[in-house]
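So the sequence lines, in the order shown, correspond to chains Z and G. Oh and the first sequence: position 94 is 94 in my numbering, straight run, nothing missing. Oh and the second sequence: position 16 is 1016 in my numbering, straight run, nothing missing. The block underneath contains the structure these notes are about, expressed in C-alpha cells.
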Amino acid sequence: MDAFNPALAVSCEERDDGANTLQNIDELNRFLAGIERRALRYAEIAVRNRDDALDLVQNAMIKLVRNYANKPEAEWSPLFYRILQNGIRDFHRRQAVRGKVMAWFGRAGDDEPAYDPVEHAPDPAGRTPEESVETGEAMTALEEALQDLPARQREAFMLRTFEGLDVEGTASAMGCSAGSVKTHYSRAVHRLRDTLGEHWT
Amino acid sequence: MTEPLDKKARQLFDESVDGLDAATLSKLNRSRQAALAQAGSRRPLTRWAPAGGLAAAAVIAVVMVQSPGVVETPPGSTAADFEILLGDDSLDMLEELEFYDWLDLVEAGSDADLG
C-alpha cells in the first residue's frame, strides 16, 4: 500500500466536483493514454519486471482517477508520478522483506529466473539487426547504471530526463524541495557519466 | 557536458517506449479503462477506515494486555481479532455502525421484555 501523504490528500467532497463528468473522464482518458507507455517503461526500469510494472501503473491510474480527478490537469503529471513513485518504493520494501523472510527460511528465492535486460529490450521495427543490437546494448548499459544509483538520484534523473518534468514538477513528484532535486539530479548525471563514459563517448 | 548524456538517455528511453509490443499496449489500454471505470465510484470511509481499524485493534490490545484474567480468550483469538479488524471485511462493519447500534438496542429491548 502506498504511503499516505497529507500533502496530496483531498477530501471526497472535493473530489465530487467534477470527477463524474464525461468531459473530465475524457480528459483523464487522454492524459492517461498519453502517459501510460512512458510510465510503464519508467516503472519497468525501476522494478525490472514488466508484469510488476503493469500492476504499479494500473494502481497509479486508479488512485489518480479516484482521488485527484478534479485537480487541475497541469497537476496530474506530477501527482501521477508521485503515486507511481510511492508504489515503486513500497514494491522495493516488500521485496526486501520477502528476501529477509526467504533467507530466514533458508530459501534464497532462486526459483525465479533472473531478469534479463537483453531479453526485455525492445526490438523496434525499421532498423538493421546491428543497429538494434547497438541500441539494445546502450539501453541495457543505461538501465544497469541507473540501478547502481541511489534511489533518490535515480528518481530525479528519470523524472527530469525521461518524463520531462521540470524542477518544480519533479520536486512535487518526489516530495522534496527544488533544491534537493537539483542536487540529486546533478549527482546522478556525474555518476552516470563516470559509469557510462566508455560506452557513451 | 550534461547535454549529450541527457539527450542520448532520453533518445534511448523514447525508442524503448516506441518499441513496446502490441500485447503490452493492449494490457495498458485495459488498465486505463479499468481505472476510468472508477471515476464515478464513491468509497467515503475508505480513507479513514484503516486508521479506524488500527485504532480499534490498539484498544483491544490494550484491554487484553492490561486486564489478564478479566477477559478469557481462547488461544490464538487475539491474533484472529487483529486479522479481522485489519481485514477488508471490517470496512463494511465500520460503514454500518449505526445499524449495529440499532441492532444492539433492539436486542437489549427484547431481553428486557423477556426478563
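Glycine is no exception: its CB is placed at the ideal position from the N, C-alpha and C atoms.
Around the C-beta of Lys-63(Z), 16 or more other C-beta atoms lie within 10 Å, and the residue is accordingly described as buried. Here the stretch 139 to 150 of chain Z makes no contact with the stretch 72 to 89 of chain Z; the two share fewer than three CB pairs at distances below 8 Å. Neighbours of Ala-1034(G) in chain Z, taken as residues at a C-beta separation under 9 Å, are given in chain order as Gln-58, Met-61 and Ile-62.
For Phe-31(Z), the CB contacts under 6 Å within the same chain, skipping 5 residues up- and downstream, are Trp-76 in chain order.
With fewer than 16 neighbouring CB atoms inside 10 Å of its own CB, Val-97(Z) falls in the exposed class. Put simply, of Val-57(Z), Glu-36(Z), Ala-103(Z) and Asn-70(Z) the residue whose alpha carbon is nearest the alpha carbon of Ile-88(Z) is Val-57(Z).
When secondary structure is reduced to three states using DSSP, Lys-71(Z) falls in the coil class, being assigned neither helix nor strand.
Under the 9 Å criterion on CB atoms, Phe-91(Z) is classed as non-interfacial with respect to chain G. Neighbours of Thr-135(Z) in chain G, taken as residues at a C-beta separation under 8 Å, are given in chain order as Leu-1012 and Glu-1015.
A distance of 9 Å or more separates the beta carbons of Leu-1028(G) and Arg-191(Z). Taking 8 Å as the Cβ-Cβ cut-off, the stretch 19 to 46 of chain Z approaches chain G at Ala-19, Asn-20, Asn-24, Ile-25, Leu-28, Asn-29, Leu-32, Ala-33, Glu-36, Arg-37, Arg-38, Leu-40 and Arg-41, given in chain order.
Ala-156(Z) and Thr-170(Z) do touch by the CB rule: their CB atoms are close to 6 Å apart, below 8 Å. The shortest C-alpha to C-alpha distance from Arg-82(Z) to any of Gly-197(Z), Arg-50(Z) and Arg-152(Z) is the one to Arg-152(Z). With a threshold of 9 Å between beta carbons, Val-181(Z) makes no contact with chain G. For Val-189(Z), the nearest CB of chain G lies under 9 Å from its own CB, placing it at the interface with that chain.
Rounded to the nearest whole angstrom, the CA to CA distance from Ala-1034(G) to Asn-24(Z) is 16 Å.
Just so you know, the alpha carbons of Gly-136(Z) and Glu-144(Z) end up roughly 12 Å apart. Secondary structure of Ala-1037(G) (DSSP, three-state): coil.
Taking 9 Å as the threshold, the shortest C-beta distance from Thr-161(Z) to chain G falls below it. Scanning Phe-91(Z), Ser-180(Z) and Tyr-68(Z) for the CA closest to the CA of Asp-52(Z) turns up Phe-91(Z).
Listed by position along chain Z, the residues whose Cβ is nearer than 7 Å to that of Ser-1031(G) are Leu-54, Val-57, Gln-58 and Met-61.
Here DSSP, grouped into helix, strand and coil, assigns Gly-179(Z) to helix. Per the Cβ contact rule, the stretch 38 to 45 of chain Z is in contact with the stretch 1003 to 1018 of chain G (3 or more Cβ pairs under 8 Å). Here DSSP, grouped into helix, strand and coil, assigns Phe-91(Z) to helix.
Contact annotation for Val-65(Z) against chain G: Ala-1035, Leu-1036, Gln-1038 and Ala-1039 [CB-CB distance below 8 Å, chain order]. Counting only residues of its own chain and dropping the five nearest sequence neighbours on each side, Glu-168(Z) has a CB closer than 7 Å to the CB of Ala-178. Its chain contains Thr-170 and Tyr-185 as the residues whose beta carbon lies nearer than 7 Å to that of Arg-160(Z), once the 5 sequence neighbours on both sides are disregarded; these appear in chain order. When Cβ-Cβ separations below 9 Å define contact, Ala-1022(G) makes no contact with chain Z.
Leu-142(Z) belongs to the set of residues whose beta carbon lies under 9 Å from a beta carbon in chain G.
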